[in-house]
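Please read the structure below before turning to the comments.
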Amino acid sequence: MNRTKLKVSAAAAVAITASLAFAQKIENPVPIGVAVAQTSNTALLGQEQVIGAKFAEKFLNARGGINGTPFKLVFQDAAGDENSAINAFQNLITKENVVGIVGPTLSQQAFAADPIADRAKVPVLGPSNTAKGVPQIGNYIARVSAPVAVVAPNAIRTALRLDPKIKKVAVLYAQNDAFSVSETGTFQDTAKAQGLTLSTVQKFQTTDTDFTTQVTAVLNADVDLAIVSGLAADGGNLVKQLRQLGYKGLIIGGNGLNTSNMFPVCQKLCDGVIIAQAYSPSQPSAANQVFVKEYRAQYKKDPPQFAAQAYAGVQVFVEALRAVDRKKKLNTWSLDDLRVALNKQILAGKYNTPLGLISFDKDGEVVQKDFYVAQIKMKDAKTGSFVFLK
């Protein structure tokens, strides 16, 4: 016998081992990866995503999981930087053998980590990646988070309804964050289209805590509206310092400030900030009303946008897996082939989620109809709510 014919390449051996390992585990819970920020300053956003994903795991498994087969979420901390997201994706793909990944939290991380999943043909659903170009990273990249170009302009239009006398605008953004750079571009274009004057444009870092220079420039420009694109910790501190140093006008916050976890940062000075949202607890669909009822019962408050989007990401994976399983039982697939089939099914489906009815275009961009604008109303130094404006 020619022993060389029996040799298997190392790469093939790894692939065979991975597929066999998955086949052995498929009768157990089907693994879906979740790579979001559990640490770093980005955790103010990621904490809500963890809650939303875990809520989906409990809720959907209690209702049959994947046609009777349960699924499990495998969490990896993607923190707030690119390397952490890359490591999280690699671990989920090669060690945990997940069928797909919900994550990461930031667009900046998506541009670094998503290509790894795309090359491995592992489907990704971005729960909060709204920067321009994310779905175009690759054929296996989609998102349930509507792009900033669709959502952000609503905040400026609402501010003008609240105060038609607005003429001069200050724009402040985190220059080291891809999402904030993308968002501020949309804000600036919208402001100009509305006939407003950009009196000052100020840059900062997401790691900054002292914004005296930026706030002084805003005050010297004597603007009617300040627009902040950053994350919850830096954005909350910037809002606080704008008010502490005497700014009296309206403030618009970007999507990175779209969390109640910002309230302890700027406390009562969060009051009045306007933020456009891709989710509302009042969204009338039956799917959302069930979600809101169950969420309120468990967490004693309304679900926030980042939780709802993470829930939707898990839901899309589960419903797509159900569809694949109906065609061919999951325990008969190899891992590689299942990932490919799952990605195809995700893009082909329509999903009744807490965000409303969503689907995806050929690039993996979410197709969503309903959007909202809310204004923060603080009850005291730590607690408040998003009041949705009509």
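For the sequence shown, the positions run -23 to -1, 1 to 367 when mature numbering (1 follows the signal peptide of the UniProt record, and there is no 0) is used.
Yeah, the Cβ is synthetic: ideal placement off N, Cα and C, and Gly gets one too.
With residue i as the anchor, note down where its beta strand (DSSP E) starts and where it stops.
i: residue 234; result: It is not in any beta strand (DSSP E) - residue 234 carries neither H nor E in the DSSP assignment.
i: residue 188; result: That residue, residue 188, is in no beta strand (DSSP E); it is neither H nor E in DSSP.
i: residue 292; result: Not the beta strand (DSSP E): residue 292 falls in the alpha helix (DSSP H), residues 282 to 304.
i: residue 83; result: Where residue 83 is concerned, there is no enclosing beta strand (DSSP E), given that its DSSP letter is neither H nor E.
With DSSP run on the structure shown, which of helix, strand or coil describes residue i?
i: residue 333; result: strand
i: residue 246; result: helix
i: residue 351; result: strand
i: residue 182; result: coil
i: residue 261; result: coil
i: residue 114; result: helix
i: residue 49; result: strand
i: residue 54; result: strand
i: residue 358; result: coil
i: residue 122; result: coil
i: residue 11; result: strand
i: residue 147; result: strand
i: residue 369; result: This structure does not reach residue 369, given that the chain is present from -23 up to 367, and the question cannot be answered.
i: residue 203; result: strand
i: residue 102; result: strand
i: residue 328; result: strand
i: residue 366; result: strand
i: residue 222; result: coil
i: residue 17; result: coil
i: residue 92; result: helix
i: residue 238; result: helix
i: residue 344; result: strand
i: residue 71; result: helix
i: residue 391; result: Nothing in the structure corresponds to residue 391, since the chain is present only between -23 and 367.
i: residue 227; result: strand
i: residue 307; result: helix
i: residue -2; result: Interpretation of residue -2 is limited by its pLDDT of 42, a score under 50 that renders its predicted location unreliable; no figure is taken from the coordinates.
i: residue 175; result: strand
i: residue 338; result: coil
i: residue 269; result: helix
i: residue 215; result: helix
i: residue 158; result: helix
i: residue 279; result: coil
i: residue 97; result: coil
i: residue 152; result: coil
i: residue 60; result: helix
Please list the terminal residues of the continuous alpha helix (DSSP H) segment that includes residue i.
i: residue 325; result: 312 to 325
i: residue 37; result: 20 to 38
i: residue 130; result: 130 to 139
i: residue 42; result: Where residue 42 is concerned, there is no enclosing alpha helix (DSSP H), given that its DSSP letter is neither H nor E.
Would you grab the beta carbon distance between residue i and residue j for me? Rounded to a whole angstrom, and I think it's under 8 angstroms.
i: residue 343; j: residue 122; result: 7 angstroms
i: residue 206; j: residue 349; result: Going by Cβ atoms, the distance from residue 206 to residue 349 rounds to 18 angstroms, so no, they are not a contact pair.
i: residue 219; j: residue 195; result: 7 angstroms
i: residue 233; j: residue 157; result: 7 angstroms
i: residue 9; j: residue 301; result: The pair is not a contact, with the Cβ atoms about 13 angstroms apart (cut-off 8 angstroms).
i: residue 208; j: residue 18; result: 6 angstroms
i: residue 113; j: residue 153; result: That pair is no contact at about 22 angstroms.
i: residue 251; j: residue 132; result: 5 angstroms
i: residue 117; j: residue 127; result: Wrong, their Cβ atoms sit about 23 angstroms apart, outside the cutoff.
Let me know if residue i comes out buried or exposed under the rule of 16 or more other beta-carbons within 10 Å of its beta-carbon.
i: residue 346; result: exposed
i: residue 146; result: buried
i: residue 84; result: buried
i: residue 352; result: buried
i: residue 357; result: exposed
i: residue 179; result: buried
i: residue 15; result: buried
i: residue 35; result: exposed
i: residue 261; result: exposed
i: residue 338; result: exposed
i: residue 39; result: exposed
i: residue -2; result: Model confidence at residue -2 stands at a pLDDT of 42, short of 50, so the residue's coordinates are unreliable; what they give is reported in the following sentence. With 16 or more Cβ atoms within 10 Å of its Cβ, residue -2 is classed as buried.
i: residue 263; result: exposed
i: residue 45; result: exposed
i: residue 276; result: exposed
i: residue 184; result: exposed
i: residue 367; result: exposed
If you measure from the CB of residue i, is any heavy atom of the ligand NAD nearer than 7 angstroms?
i: residue 293; result: You won't find the ligand NAD in this model; it holds no ligand whatsoever.
- Task: Count the CB pairs spanning the segment 355 to 363 and the segment 122 to 141 that are closer than 8 angstroms, and state whether there are at least three.
- Result: Verdict: no, contact absent.
- Message: Can you confirm whether the segment 269 to 278 touches the segment 16 to 36 when touching is taken to mean that 3 or more C-beta pairs between the two stretches lie within less than 8 angstroms?
- Response: yes
- Query: Any contact of the segment 152 to 170 with the segment 191 to 201, i.e. 3+ C-beta pairs under 8 angstroms?
  - Reply: A contact between stretches requires three or more CB pairs, one per stretch, nearer than 8 angstroms, and the segment 152 to 170 fails this requirement with the segment 191 to 201.
- Query: Okay, do the segment 313 to 325 and the segment 74 to 83 touch, 3+ Cβ pairs below 8 angstroms being the bar?
  - Reply: yes
- Query: Between the segment 53 to 67 and the segment 84 to 101, do at least 3 Cβ pairs fall closer than 8 angstroms?
  - Reply: yes
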